[in-house]
Each structure stands twice: as structure tokens, then as C-alpha cells.
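Residue numbers (this note's numbering): 5 to 55.
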């Protein structure tokens, strides 16, 4: 078993915090809904606003 540990950075030290949190909210919304979760997994580019 391997455990990769890193110190807590928090939102102030993370330049990706906003996009990571938005992704978390999408997964939270799809929780328990197999169809929505499958769509989320299959279409990750929809969540990346930079592309």
C-alpha cells in the first residue's frame, strides 16, 4: 500500500481551487444518479472552461 501525503494548502494557496470546487459540486449533484454520473464521467471537457 502506498500513501502519498502532502500538506494542506487550502484555497488561498491553490490556483485550481475554484475549478476543483466546481467539479466537486458537479459530482455532488450527480451523486446517486447513475445516468448523470455516467454523463459526467464521459464528458469531462464540459467542466473545463479553459478548453
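Backbone N, C-alpha and C define an ideal beta-carbon position, used for all residues, glycine too.
Inclusion of residue 34 and residue 44 in the CB contact set at 8 Å is warranted, their separation being smaller than that value.
Across the structure, residue 14 and residue 7 are spaced so that their CA atoms are roughly 20 Å apart. For residue 5, no alpha helix (DSSP H) encloses it, and the DSSP letter there is neither H nor E.
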